[in-house]
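Residue numbers (the working numbering), protein chains in the order written: chain D, 1 to 340; chain B, 1 to 313.
Below you can see the structure in the form of structure tokens.
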């Protein structure tokens, strides 16, 4: 250690203090999630200021519950994106798991909790099948999962004939409708899943392998990482989380709707991108992706609270999303300009 | 990463920290505008017509009573129960004086409607039936009667014999499914009639056109079409015209979209069994207003079905 580092600097030697705004921007920019957090704070603050209905307990519960379903799918999709993959069949898997759960519980009279477990296994198996086909046949995940979305979605319609399965036992409706100390149960499930996945991604070798594969699969293979096994596992996890979202939605609605999952395809991808997950792989985190989903959820909420015309909704929500993802880039440009 | 965890914790805590007393503004002020939120199944021209009727009723009540009535139209982008529930919940958060809903599935919408009951927000449904046990006025027409009327009309046009086809709407939409079932029952009555194909258009004109073209290629002896939604008849009519089978293949459509009316005027479709969306929107608002005023309202208001032909257009 050099002497210089042990001598405390006099006030005149200390670097000049940055202005508060710049200091805040610097701190956010130094954090990989800084951009999405800043965008979220701005959107949240603006929503509070512009609508008296936004920051109410009832509305916060609505946002949290709606976030839970899309958030679970987003976690799975973000891991795949970090790996450099995509699964466009996650919505169809969620829908199929939901209706299979309905069939098992209502039509076959199986124990609801056993049915739930079987549906989760089925979702994982569907994801694993996707992963196996992609890795063993060396197919592009985008193309393969478009086809598999048709297969799972078609199986859903074959099983239900397009008609919802009603009479879901009340034993499990608590999972979709219940509140624990005012917090929706599905949201708690999302937090638990996110905590586990974030721990695995940030604190275990498997997480490091996923980033390594996403950055350069050939290099990862040369390092001895079992690339195909990890890719298959990630697809299985995405299928499992989609099935969990599907069965929670069945518990929420009290019926197994064949249309469950129809809107879970593009939303999670957009959420992951907003949250800083690179579409090319190797960059991002599930936490950022879920924060991206929070942004989308708030936008969907304020569009209704503000009474925006349904014909303008896509324009408004798309515009805000573009602003949100631009914020990170603008903040970094601001910093770089001052650094030069 | 600590920042991220702290932020996630903040978000989790937000429901507890939010003010508890917000949003009771709609209560007692008799001069304040009455605000009703109209939530259809999805964005679709049929619901625009229902909204036109709703706005007309709001204008009428405003002029008659001197108290302004506002209709906020909030349509889900997709016909999906969970999306519709999200919008209903967000509308509840604004504490309107009433909700006017076209339910996608009364059982799937039940939990959300219970929340409106808890918040003491009166509801009226149109173009659909309310969940069992709920004291809610339903405004609409009989879907089965509409499908039956169209199928009987087609059966008479083709002499109660020959191959016919049905274009289903959205397979998961209960009203579309019910119309198809009732149409099939009509054709089953006539031994010389046979349903040789059933297409699925998912309430898309383009899909209906493609499916109808393919079905007419596969069944050259087809003599007629009926449909189950508002978009299907327009797509089928376009396919009939493009294939040069106008007059040879009969079509009895549904509803009164502008394109449907034009097809009847052009002689491509013979007629249409049309519900009255403007009237459904109108009477739904009248019923919602009466509820907001504390009046009793009927259990069901039947707005009837029109048979549109070139003679009465």
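Glycine included, C-beta positions come from ideal geometry on N, C-alpha and C.
Three-state secondary structure assigned by DSSP to residue i
i: residue 281 of chain D; result: coil
i: residue 191 of chain B; result: coil
i: residue 163 of chain B; result: strand
i: residue 324 of chain D; result: helix
i: residue 330 of chain D; result: helix
i: residue 189 of chain D; result: helix
i: residue 272 of chain B; result: strand
i: residue 199 of chain D; result: helix
i: residue 204 of chain D; result: coil
i: residue 85 of chain D; result: coil
i: residue 176 of chain B; result: helix
i: residue 109 of chain B; result: coil
i: residue 314 of chain D; result: helix
i: residue 80 of chain D; result: helix
i: residue 295 of chain D; result: helix
i: residue 94 of chain B; result: coil
i: residue 264 of chain D; result: coil
i: residue 111 of chain D; result: coil
i: residue 230 of chain B; result: coil
i: residue 265 of chain B; result: helix
i: residue 346 of chain B; result: Nothing about residue 346 of chain B can be read from this structure; chain B reaches only from 1 to 313.
i: residue 308 of chain D; result: coil
i: residue 224 of chain D; result: coil
i: residue 10 of chain D; result: Confidence is the limiting factor: at residue 10 of chain D the pLDDT is only 47, short of 50, which leaves the residue's position unreliable, though a coordinate-based value still follows. Three-state DSSP puts residue 10 of chain D in coil, outside helix and strand.
i: residue 32 of chain D; result: coil
i: residue 138 of chain D; result: coil
Strand pairing of residue i, partner residues [DSSP]
i: residue 35 of chain B; result: B/70
i: residue 224 of chain B; result: B/164 and B/250
i: residue 165 of chain D; result: D/256
i: residue 123 of chain B; result: B/99
i: residue 198 of chain B; result: B/166
i: residue 183 of chain D; result: D/180
Residues that residue i contacts on chain B, provided the C-beta gap is smaller than 7 Å
i: residue 170 of chain D; result: Correct list: empty, because the minimum Cβ distance to chain B is about 11 Å.
i: residue 39 of chain D; result: The contacting residues do not exist; residue 39 of chain D stays about 12 Å from chain B at best.
i: residue 145 of chain D; result: Neighbours of residue 145 of chain D on chain B: none; closest Cβ ~20 Å, over 7 Å.
i: residue 66 of chain D; result: 86
i: residue 284 of chain D; result: Neighbours of residue 284 of chain D on chain B: none; closest Cβ ~12 Å, over 7 Å.
i: residue 344 of chain D; result: This structure gives no information on residue 344 of chain D, because the portion of chain D shown stretches from 1 to 340.
i: residue 275 of chain D; result: Result: empty, since nearest Cβ-Cβ is about 10 Å, beyond 7 Å.
i: residue 301 of chain D; result: 90
Whole-Å CB distance - residue i paired with residue j, under 8 Å assumed
i: residue 53 of chain D; j: residue 79 of chain B; result: About 26 Å; that fails the 8 Å criterion.
i: residue 110 of chain B; j: residue 146 of chain B; result: About 25 Å separates the two Cβ atoms, so there is no contact after all.
i: residue 275 of chain D; j: residue 288 of chain D; result: 3 Å
i: residue 112 of chain B; j: residue 89 of chain B; result: 6 Å
i: residue 264 of chain D; j: residue 143 of chain D; result: About 19 Å separates the two Cβ atoms, so there is no contact after all.
i: residue 35 of chain B; j: residue 96 of chain B; result: 5 Å
i: residue 53 of chain B; j: residue 278 of chain B; result: 3 Å
i: residue 251 of chain B; j: residue 233 of chain B; result: 7 Å
Residue i: contacting residues in chain D (beta-carbon distance under 9 Å)
i: residue 204 of chain B; result: In chain order: nothing, as chain D lies at least about 14 Å away.
i: residue 251 of chain B; result: Within 9 Å Cβ-Cβ: nothing; residue 251 of chain B doesn't reach chain D, min ~24 Å.
Contact set between residue i and chain B, taken where Cβ atoms lie within less than 8 Å
i: residue 263 of chain D; result: 78, 80, 82 and 83
i: residue 313 of chain D; result: 77
i: residue 254 of chain D; result: 107, 108, 110 and 111
i: residue 249 of chain D; result: 82
i: residue 177 of chain D; result: 111
i: residue 85 of chain D; result: None at all; the shortest Cβ gap to chain B is about 24 Å.
i: residue 157 of chain D; result: 171
Amino acids of chain B, ordered along the chain, whose beta-carbon sits closer than 9 Å to that of residue i
i: residue 260 of chain D; result: 80, 81 and 82
i: residue 164 of chain D; result: 81, 105, 107, 108, 172 and 174
Under 8 Å from the C-beta of residue i: neighbouring residues of chain D
i: residue 43 of chain B; result: 310 and 311
i: residue 270 of chain B; result: The contacting residues do not exist; residue 270 of chain B stays about 29 Å from chain D at best.
i: residue 177 of chain B; result: 162 and 163
Threshold first: 4 residues or longer. Then list the alpha helix (DSSP H) segments lying entirely within the region 276 to 312 of chain B, N to C. 277 to 292
If you scan the region 129 to 158 of chain B from start to end, which runs of the beta strand (DSSP E) of 3 or more residues do you find wholly inside it? 137 to 140
Taking the runs of the alpha helix (DSSP H) that are 4 residues or longer, which of them lie wholly in the region 40 to 86 of chain B? 45 to 65
Whole beta strand (DSSP E) runs in the region 39 to 73 of chain D with 3 or more residues, listed along the chain? none
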